[in-house]
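Step one of this worksheet: look at the structure below.
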Amino acid sequence: MTRKLSKAELSCSECGVRNCRNREASFPAFCLSQTDPQGAAETRELYAGDGPEGKLARTAAAIEGEFYGRLTRVEETILFARRMGVKKLGIAACLGLSDESALFAKIVWTAGITPRTVICKVGAIDKSEIGIPERLKVSPGRNESCCNPVLQAKALNDWGAELNVMVGLCVGHDALFSGHSRAPVVTLIAKDRVLAHNPAAALYASNFYYRRVLDAASFPSPRPSPKKASPADHD
Ligand code: SF4
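Quick note on the working numbering: the sequence shown kicks off at 10 and runs consecutively.
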């Protein structure tokens with residue numbers, strides 16, 4: 010059940026006009042386009058300027074304009090990298106998407122760009138070493154390395170990546186990677202272990218199969234007891 014929001018709580022999600030797209034109507038009173046004119050002016054200057062933000066913003070906008078609805082995200086990523094003049098492209102990949110990241114690396118090579126992949130388990134630090142109790146491992150009783158997005162970022166920083174692409178990093182680990190990456194970061198695949206890496210499906214199905222997403226109280230409970238060590242691998 011959604012509660013009624015106060016005026017101060019209104020933001021773009023509650024906007025009924027979306028006037029920021031074409032400016033053919035009026036902005037709602039809470040719209041930042043109106044309430045923060047300085048922010049709009051400063052960012053306009055940033056994107057129109059010669060700094061990295063300008064190059065990133067204009068390259069992305071040009072690709073959108075030239076290829077709208079005609080390129081897959083893989084193709085858009087390659088084209089974006091080429092137009093940005095990227096020679097070294099880092100791939101921060103989830104172990105569970107090793108095949109996908111290897112395939113993507115092949116595509117990057119084919120495009121004349123040098124890729125380097127760093128898998129999330131790099132460093133091989135057991136979860137117990139960072140304070141995770143054994144019972145919270147997916148498979149208690151065996152080594153279970155934690156994801157190491159900071160080392161992924163460091164390795165790609167040290168290598169001199171000019172653009173980093175995330176392939177299936179977990180929720181939260183993607184935040185750590187983005188925060189520590191020196192190069193700009195784009196997402197190729199957002200991990201969703203349930204929906205085959207298509208997180209938007211939970212939103213599209215929220216009126217029926219995934220109604221539970223609208224009620225946090227009905228989310229599945231944590232598993233009741235630790236599972237036995239399993240020979241099956243996971244990520
Ligand atoms: S930026 Fe303004 S016009 Fe655009 S969606 Fe947000 S509130 Fe609406």
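Glycine is no exception: its CB is placed at the ideal position from the N, C-alpha and C atoms.
Residues in its own chain within less than 6 Å of residue i by CB, not counting five upstream and five downstream?
i	result
His243	Val147
Leu104	Ile128, Cys129, Lys130, Asp244
Need the endpoints of the alpha helix (DSSP H) that residue i sits in, please.
i	result
Thr119	107-119
Arg220	Run containing Arg220: none; DSSP gives neither H nor E here.
Leu160	158-168
Gly63	61-76
Thr52	46-57
Leu185	182-189
Leu88	82-92
Leu212	209-213
Which residues in the same chain as residue i place their Cβ atom closer than 7 Å to its Cβ, once the five residues preceding and following it in sequence are excluded?
i	result
Ile134	Ser154, Cys155, Asn157
Tell me whether residue i is buried or exposed, calling it buried when 16 or more other Cβ atoms sit within 10 Å of its Cβ.
i	result
Pro229	exposed
Cys129	buried
Asp183	buried
Gly188	exposed
Gln47	exposed
Lys13	exposed
Leu178	buried
Gln161	buried
Lys115	exposed
Ser190	buried
Ala192	buried
On a Cα-Cα basis, can you pick out the residue from the options that is closest to residue i?
i	options	result
Ala17	Leu41, Ala70, Thr86, Ile122	Leu41
Val222	Pro124, Gly58, Phe36, Pro208	Pro208
Ala102	Gly121, Ala164, Pro233	Ala164
Phe113	Pro124, Leu104, Val203	Pro124
Trp168	Cys29, Ile100, Trp118	Ile100
Ile72	Val83, Tyr219, Phe89	Phe89
Thr126	Arg53, Arg92, Leu172, Arg144	Leu172
Leu176	Ser15, Pro61, Glu109, Ala34	Looking at the sequence provided, one finds Val at residue 176 rather than Leu. Out of Ser15, Pro61, Glu109, Ala34, Glu109 has the C-alpha closest to the C-alpha of Val176.
The beta strand (DSSP E) with residue i in it runs from where to where?
i	result
Ile134	Per DSSP, Ile134 belongs to no beta strand (DSSP E) and is neither H nor E.
List the DSSP bridge partners of residue i.
i	result
Lys97	Thr123
Asn173	Gly99, Val194
Ile128	Ala102
Ser154	Asp135
Leaving out five residues on either side along the sequence, give the residues of the same chain with a beta carbon under 8 Å from the beta carbon of residue i.
i	result
Thr81	none
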